[in-house]
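To start, the structure under review is shown below, and the notes come after it.
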Ligand SMILES: [Zn+2]
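Residue numbers (our numbering): 1 to 59.
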């Protein structure tokens, strides 16, 4: 099964957001952010490290 598509294949949503962790500017996201949660957005790098930490915790 090939369910490992790179992000480049996804639809990108553009906007003007800020990463809640490192404060970097986010101008595009692979999903349409919930307006109620824009203060919790993470940039791609922070999101990836969060996912990796999550996986470590599960082991
Ligand atoms: Zn960040």
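Every residue, glycine too, gets a C-beta built ideally from N, C-alpha and C.
About 7 Å separates the CB atoms of residue 17 and residue 33; that is less than 8 Å, so the two are in contact.
Residue pairing for residue 26: DSSP places it in a beta bridge opposite 17. Annotation: the continuous alpha helix (DSSP H) that includes residue 54 extends over 44-58.
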